[in-house]
Amino acid sequence: MIIAIDGPAASGKGTLAKRLAAHYALSYLDSGALYRAVARDMLSIGVALTDRPGAEQAAHDLDPSSLDDPALRTFDVGKAASVIAQYPEVRAVLLDRQRAIAKTEPGAVLDGRDIGTVVCPNADVKLFVVASPKERARRRHQELQAAGNTASFDDVLEEIERRDARDRDRATAPLQQASDAHLLDTTILDIEAAFKVAVDLIDAAMGPTGRET
Ligand code: DC
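Reminder that position 116 of the sequence shown reads as 671 in my numbering, one-by-one numbering, no gaps.
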């Protein structure tokens with residue numbers, strides 16, 4: 556079973572995807588971590604974000620065991636990830652890695668921007684998770700503060716809006732709802748409520764054991 560979860564930054568898709576993977580005993584891939592890790596590696600070795608061959612090389616060289624690095628969660632790495640994610644050559648390298656994970660048995664939950672449209676267009680269930688920009692900025696600001704980052708709420712909101720525009724307007728694999736994805740608006744839902752709605756949708760499509768009904 557493959558569950559594809561897409562949505563903009565800080566929409567709650569990552570937390571939801573992790574909970575769903577545990578609930579259905581599936582593998583989990585945060586595909587944003589791949590883009591963040593490429594950006595982290597470029598920043599740490601001093602490759603300019605405009606250097607497209609350098610970005611492609613960093614994607615090839617990516618160490619998959621480095622995806623839990625807390626450095627991936629910083630404001631600057633998130634911003635840089637959104638820049639290098641525009642390059643089709645980077646996306647092509649990371650596509651293979653994502654599809655390999657999607658093939659693991661008994662299945663996987665993947666979250667990102669183009670899982671339902673490009674990476675796993677035949678996913679069994681697709682969710683498109685959204686929340687208002689202000690609510691997403693509030694969540695991201697809280698996370699950053701907890702991590703000791705001093706960015707202001709207004710800066711975080713501005714960056715979220717800039718990131719949304721970059722992710723939506725790029726030519727290759729832009730952020731968009733797949734025609735067969737269920738829309739889940741988490742603006743006024745906490746994680747428990749969002750999880751329950753998602754499980755109900757997935758069980759209705761697959762049955763509680765994860766088998767298609
Ligand atoms: O989900 P995130 O904030 O960790 O993602 C960081 C950036 O990576 C995001 O701004 C766009 C890019 N990304 C992407 O283009 N495609 C994906 N499937 C996942 C992330």
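Here a beta-carbon is modelled for each residue, glycine too, at the ideal position from N, C-alpha and C.
Residue i versus residue j: straight-line alpha-carbon distance, rounded
| i | j | result |
| --- | --- | --- |
| Ala702 | Arg695 | 11 Å |
| Ala777 | Met597 | Given a span of 556 to 768 for the chain in the structure shown, any question on residue 777 remains unanswerable. |
| Gly662 | Ala559 | 11 Å |
| Leu622 | Asp561 | 19 Å |
| Gly567 | Arg646 | 23 Å |
| Asp758 | Tyr579 | 10 Å |
| Gln641 | Ala576 | 28 Å |
| Arg628 | Ser599 | 14 Å |
| Thr768 | Met761 | Because the pLDDT of Thr768 is 45, which lies under 50, any placement of that residue in the model is unreliable, and the number read from its coordinates should be weighed accordingly. Roughly 5 Å separates the two Cα atoms. |
| Ala592 | Arg723 | 21 Å |
| Ala526 | Asn704 | This structure cannot speak to residue 526, because the chain is shown only from 556 to 768. |
| Ala635 | Arg607 | 13 Å |
| Pro688 | Ala720 | 12 Å |
Residue i (DSSP reduced to helix, strand or coil)
| i | result |
| --- | --- |
| Thr768 | Bear in mind that the predicted position of Thr768 carries a pLDDT of just 45, short of 50, making it too unreliable to give a figure here. |
| Tyr579 | coil |
| Asp735 | coil |
| Asp679 | coil |
| Asp745 | coil |
| Leu730 | coil |
| Gly569 | helix |
| Met761 | helix |
Identity of the residues DSSP links to residue i by a beta bridge
| i | result |
| --- | --- |
| Gly667 | Asp561 |
| Asp585 | Asp666 |
| Ala684 | The sequence as given places Val at residue 684; Ala does not occur at that position. According to DSSP, which records beta bridges pairwise, Val684 is partnered with Leu739. |
Beta carbon of residue i nearer than 7 Å to that of residue j
| i | j | result |
| --- | --- | --- |
| Leu665 | Leu584 | yes |
| Pro587 | Gly671 | The sequence as given places Gly at residue 587; Pro does not occur at that position. Not a contact, by the Cβ cut-off of 7 Å. |
| Leu739 | Leu682 | yes |
| Ile746 | Ala564 | no |
| Arg595 | Val632 | yes |
| Ala728 | Asp669 | yes |
Cutoff 7 Å: residue i Cβ touching any chain D Cβ
| i | result |
| --- | --- |
| Ser582 | Judged by its chain identifiers, the structure shown contains no chain D, having just a single protein chain. |
Identify every run of the alpha helix (DSSP H) within the stretch 594–676, keeping only runs that are complete inside it and at least 4 residues long; order them along the chain.
607–616, 630–639, 643–657
Which runs of the alpha helix (DSSP H) spanning at least 4 residues fall entirely within the stretch 692–732, listed in chain order?
708–724
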